[in-house]
Amino acid sequence: MRKIVSLSPSYSPVSITEIGADRMLLPSSLNIPGYDPFPVVFEWPADDRFAAKALPSSIDRIQANVLDRFRGSGVLGERAEDGKPTRSEKRFERSLFAHLVGYTCPNDSEPAIELVVDHVAHLFMLDNFFDEPTMMIRSGETLDPRMVTDALYQSLVNGLTGGGSDGGEIHPYVRALSELNQGIGARVNTKISGRAGGGEPFLFRYNEYLSAICAETKFRSSGIWRSPEGYATMRAKTSAVVDVLELIWLVNGISLEPKVRIDEEFTGMIHNCNRHVSYVNDLFSLANEIQEDTRENMVLVEYHWQVESTRDLGKAIQSTVTRVNQAVADFVILYNSYFSDPRNHQDTPQRKAIQYAIDLMIGNLEWSKETGRYRPE
Numbered sequence: 016m017r018k019i020v021s022l023s024p025s026y027s028p029v030s031i032t033e034i035g036a037d038r039m040l041l042p043s044s045l046n047i048p049g050y051d052p053f054p055v056v057f058e059w060p061a062d063d064r065f066a067a068k069a070l071p072s073s074i075d076r077i078q079a080n081v082l083d084r085f086r087g088s089g090v091l092g093e094r095a096e097d098g099k100p101t102r103s104e105k106r107f108e109r110s111l112f113a114h115l116v117g118y119t120c121p122n123d124s125e126p127a128i129e130l131v132v133d134h135v136a137h138l139f140m141l142d143n144f145f146d147e148p149t150m151m152i153r154s155g156e157t158l159d160p161r162m163v164t165d166a167l168y169q170s171l172v173n174g175l176t177g178g179g180s181d182g183g184e185i186h187p188y189v190r191a192l193s194e195l196n197q198g199i200g201a202r203v204n205t206k207i208s209g210r211a212g213g214g215e216p217f218l219f220r221y222n223e224y225l226s227a228i229c230a231e232t233k234f235r236s237s238g239i240w241r242s243p244e245g246y247a248t249m250r251a252k253t254s255a256v257v258d259v260l261e262l263i264w265l266v267n268g269i270s271l272e273p274k275v276r277i278d279e280e281f282t283g284m285i286h287n288c289n290r291h292v293s294y295v296n297d298l299f300s301l302a303n304e305i306q307e308d309t310r311e312n313m314v315l316v317e318y319h320w321q322v323e324s325t326r327d328l329g330k331a332i333q334s335t336v337t338r339v340n341q342a343v344a345d346f347v348i349l350y351n352s353y354f355s356d357p358r359n360h361q362d363t364p365q366r367k368a369i370q371y372a373i374d375l376m377i378g379n380l381e382w383s384k385e386t387g388r389y390r391p392e
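Numbered by this note's numbering, the letters in the sequence shown go through residues 16 to 392 in order.
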């Protein structure tokens, strides 16, 4: 244990916060030449309010249901004549998307969890599509990422509003994703029936996320390295954390007033949740992204901007871990300040909303240790 008095120049601490240490070894399966795995410390408050939750007992059933739905949609590819699962299907199954949502929403109903798992899995499949150059080719021409994201956004709108499917020619994989997306929107619509304008914040954040990954895909071809802070700015937009939280709040009937959504401390907590999840994912996906020679990873960005003659991957890893821990420390300071106001009592929507952000942060860390998504193939 160690005492942290203040780790943020922007906010004054309300009280001294005890931070516990989750000491772990970055996976030895990284298999990075010249890299010797070493213990890193992820810090987390030693407080029951921030304790990790157990997975719901229904999580295996939810995982199987989502796998069946995605398999049936065609986005996982056609099985061989011998019935063996495709590479995409095996990768999807071992990714354990249901576990990520289960850790985040441990007390939610099974249908609500399954709906969010469908959306999260859809986002990961879309990410795979943009990351795979051959998937973006159709009839010898490179697809315009904006055309892809426009189709997906419209499919969600159609589902939420009861609109029909869009006609016209479209990449078969994008059509399969769009049909899944429309089904997700229709289920959300049923869930929020009678709530006026309830889906607007979710739609806004989903469109914001689509626009960001569209811009990232176009930037990728430039071959330019962002600075660490430039990458941090970009990563805040290309992470789907806020989009997923909006969906969780929506399906659970958590309605936030406009003044809450613009409150500096409330939005600061959500920003730090986003930072935490993003950089934890960067750490666990490091081996794959070295192999794929990507530039969308904070460790690799930090490594690139070191003095060339003294570059040290271990230092870049530790610098990224420090960013993760800084996000926790800043979150706790904001949490203590915001909820010291009696108007933000235990039963307020904002209190319930922030609990999901807490569970997502620590749940994502737990999921990252378990998932096979980041396992080298």
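From the three backbone atoms N, C-alpha and C, an ideal C-beta is built for every residue, glycine too.
Under the assumption that residue i contacts residue j (Cβ atoms under 8 angstroms), give the Cβ distance between them as a whole number of angstroms.
i      : j      : result
Val339 : Tyr294 : 5 angstroms
Pro126 : Ser270 : The Cβ separation is near 20 angstroms, so there is no contact.
Val316 : Tyr246 : 5 angstroms
Phe65  : Trp59  : 6 angstroms
Val81  : Asp133 : 6 angstroms
Arg310 : Tyr318 : Actually they do not touch by this definition, with Cβ atoms about 11 angstroms apart.
Leu218 : Gly283 : About 24 angstroms; that fails the 8 angstroms criterion.
Phe281 : Tyr353 : 6 angstroms
Val55  : Ile305 : The pair is not a contact, with the Cβ atoms about 17 angstroms apart (cut-off 8 angstroms).
Val266 : Val131 : 7 angstroms
Phe234 : Tyr188 : 22 angstroms between Cβ atoms; not a contact.
Val172 : Gly179 : Not really, about 11 angstroms apart at Cβ, beyond 8 angstroms.
Asn204 : Leu175 : 5 angstroms
Trp264 : Ala368 : 5 angstroms
Trp320 : Pro243 : 6 angstroms
Which residue or residues does DSSP assign as beta-bridge partners of residue i?
i      : result
Thr101 : In the DSSP output, where bridge partners are listed per residue, Thr101 has none listed.
Which residues mark the beginning and the end of the alpha helix (DSSP H) in which residue i is found?
i      : result
Cys120 : Per DSSP, Cys120 belongs to no alpha helix (DSSP H) and is neither H nor E.
Tyr389 : Premise fails: Tyr389 is in no alpha helix (DSSP H) and is neither H nor E.
Ala69  : That residue, Ala69, is in no alpha helix (DSSP H); it is neither H nor E in DSSP.
Thr6   : Shown here, the chain extends from 16 to 392; a query on residue 6 therefore has no answer.
Asp258 : 256-266
Glu381 : 364-385
Thr337 : 328-353
Asp75  : 74-88
Ile207 : From DSSP, Ile207 is part of no alpha helix (DSSP H); its letter is neither H nor E.
Ala230 : 215-235
Validate contact between the region 278-291 and the region 305-314 using beta carbons, cut 8 angstroms, 3 pairs
no
With three or more beta-carbon pairs closer than 8 angstroms as the criterion, would you say the region 118-125 touches the region 375-385?
yes
Taking three-plus beta-carbon pairs below 8 angstroms as touching, is the region 188-199 in contact with the region 225-233?
By the Cβ test, the region 188-199 is not in contact with the region 225-233, since fewer than three Cβ pairs between them sit closer than 8 angstroms.
Between the region 184-196 and the region 85-98, do at least 3 Cβ pairs fall closer than 8 angstroms?
yes
Three Cβ pairs or more, each shorter than 8 angstroms: is that satisfied between the region 295-305 and the region 255-273?
no
Inter-stretch contact at 8 angstroms, needing at least 3 Cβ pairs: the region 100-115 / the region 65-80
yes
Unbroken alpha helix (DSSP H) runs of length 4 or more, entirely within the region 270-322: which are they?
273-276, 279-299, 301-306, 313-319
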